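**Student:** I am attaching a structure below and will ask some questions about it afterwards.
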Amino acid sequence: MTVRPILSIGHPTLREDAADIPVDEIGSDKVQQLIDDLIDTMRDANGAGIAANQIGVARRVAVMEVGDNPRYPYKPRIPLTVAINPRIEVLDDETVEINEGCLSVPLRGNVLRAVNINVVYLDREGVEHVEAKRGLTAGTWQHECDHLDGVLFVDKVLDPTTLTTWAEFEAHHRDAFIERIAEFVQRVGS
Ligand code: ZN
157 MTVRPILSIG
167 HPTLREDAAD
177 IPVDEIGSDK
187 VQQLIDDLID
197 TMRDANGAGI
207 AANQIGVARR
217 VAVMEVGDNP
227 RYPYKPRIPL
237 TVAINPRIEV
247 LDDETVEINE
257 GCLSVPLRGN
267 VLRAVNINVV
277 YLDREGVEHV
287 EAKRGLTAGT
297 WQHECDHLDG
307 VLFVDKVLDP
317 TTLTTWAEFE
327 AHHRDAFIER
337 IAEFVQRVGS
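Counting in the numbering used here, the sequence shown runs from 157 upward without gaps.
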């Protein structure tokens with residue numbers, strides 16, 4: 157198990173446009189070790205996802221997982237997913253305002269995300285997946301894919317007054333957000 161240090165906003169690698177991983181390199185020890193390190197680091201930090209840029213590697217791979225996390229009681233589960241060279245297609249104009257956090261940013265803030273997307277990616281065996289994602293799960297995919305383009309959620313915060321520390325979010329905003337987003341999750345089913 158290797159938990160790697162997570163880079164913080166300001167580190168140049170977080171702003172790099174990550175390079176695709178050639179299909180014939182996916183089975184290599186180097187790429188498989190990178191994937192294992194991403195999973196270990198995400199789980200150690202209790203994150204819902206992490207992209208390779210965040211541990212200093214500008215290659216296009218991210219991992220996501222949401223279980224029964226008391227920190228995110230409103231989040232639908234995401235089984236452990238390894239997404240290599242992921243691409244997102246936004247399907248329509250429906251959006252939702254999500255209060256997001258990030259392992260690389262010590263703040264939370266509201267970001268508008270597409271509700272209905274398709275994703276195309278390779279798993280750690282190099283098998284291609286084409287899947288529809290919806291709701292908060294679609295938001296998580298957009299957040300992680302943004303990292304691979306060198307984009308952080310703070311770039312997309314439309315109203316800077318929604319920015320809070322985690323402590324102030326817990327104290328003043330968490331309950332209202334959970335109430336609003338739980339209704340949304342119930343409506344869209346994910
Ligand atoms: Zn992030």
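By construction, the Cβ of each residue, glycine as well, lies at the ideal position given by its N, Cα and C atoms. Keep in mind it's a predicted model, so treat the numbers as computed, not measured.
Please report how far the alpha carbon of P262 lies from the alpha carbon of V276, in whole angstroms.
**Tutor:** The sequence position of residue 262 within the sequence shown is 106, counting from 1. The sequence position of residue 276 within the sequence shown is 120, counting from 1. Rounded to whole angstroms, P262 to V276 spans 30 Å at the Cα level.
**Student:** So for K289, helix, strand or coil by DSSP?
**Tutor:** For the purposes of this step, residue 289 is taken as the residue at position 133 of the sequence shown. DSSP places K289 in strand when its eight states are reduced to three.
**Student:** Check whether the Cβ of H167 lies closer than 7 Å to any heavy atom of the ligand ZN, and answer yes or no.
**Tutor:** Counting from one through the sequence shown, the residue named residue 167 turns up at place 11. No, the beta carbon of H167 sits no closer than 7 Å to any heavy atom of the ligand ZN.
**Student:** Just to check my reading of the structure: A294 and V310 have Cβ atoms closer than 8 Å, yes? What is that Cβ distance to the nearest angstrom?
**Tutor:** Within the sequence shown, the letter at position 138 stands for residue 294. Within the sequence shown, the letter at position 154 stands for residue 310. Actually they are not in contact, since the Cβ atoms of A294 and V310 sit about 20 Å apart, beyond 8 Å.
**Student:** Can you list, in chain order, the residues of its chain with a C-beta nearer than 6 Å to that of A208? Leave out the 5 residues immediately preceding and following it.
**Tutor:** For the purposes of this step, residue 208 is taken as the residue at position 52 of the sequence shown. Cβ neighbours of A208 beyond the five flanking positions: R215, V217.
**Student:** Where does P168 land, buried or exposed, given buried means 16+ other C-beta within 10 angstroms?
**Tutor:** As a position in the sequence shown, residue 168 is number 12, starting the count at 1. Exposed, since its Cβ has fewer than 16 Cβ neighbours within 10 Å.
**Student:** Note the first and the last residue of the continuous beta strand (DSSP E) segment covering E181.
**Tutor:** As a first step, residue 181 is located in the sequence shown; it is residue number 25 there, counting from the start. E181 -> no beta strand (DSSP E), and no H or E assigned at all.
**Student:** So, is T197 buried or exposed, given that buried needs 16 or more other C-beta atoms within 10 angstroms?
**Tutor:** On the sequence shown, position 41 is the one that residue 197 refers to. Burial call: buried.
**Student:** Tell me which same chain residues have a C-beta within less than 6 Å of the C-beta of G257, skipping the five on either side of it?
**Tutor:** Looking up residue 257 in the sequence shown gives position 101. R264.
**Student:** Use the C-beta contact count for N225: other C-beta atoms within 10 angstroms, 16 or more gives buried, fewer gives exposed.
**Tutor:** Indexing the sequence shown from 1 puts residue 225 at position 69. It is exposed - the Cβ of N225 has fewer than 16 other Cβ atoms within 10 Å.
**Student:** Any idea which residues DSSP pairs C258 with across the strands?
**Tutor:** One-based indexing of the sequence shown puts residue 258 at position 102. DSSP output for C258 lists V261 as bridge partner(s).
**Student:** Taking V275 as part of the beta strand (DSSP E), name the residues at either end of that continuous run.
**Tutor:** Taking the first residue of the sequence shown as position 1, residue 275 is located at position 119. Segment 272-278, the beta strand (DSSP E) holding V275.
**Student:** Throw me the rounded Cβ distance for the S234 and V222 pair, which I believe falls under 8 Å.
**Tutor:** Locating residue 234 in the sequence shown gives position 78, where the first residue counts as 1. Locating residue 222 in the sequence shown gives position 66, where the first residue counts as 1. In the sequence on display, residue 234 carries Ile and not Ser. The pair is a contact, with the Cβ atoms about 4 Å apart (cut-off 8 Å).
**Student:** According to DSSP, simplified to helix, strand and coil, what is E326?
**Tutor:** Looking up residue 326 in the sequence shown gives position 170. Note: E326 maps to helix in three-state DSSP.
**Student:** In three-state terms, what does DSSP make of G223?
**Tutor:** Position 67 of the sequence shown, counting from 1, holds the residue named residue 223. DSSP places G223 in coil when its eight states are reduced to three.
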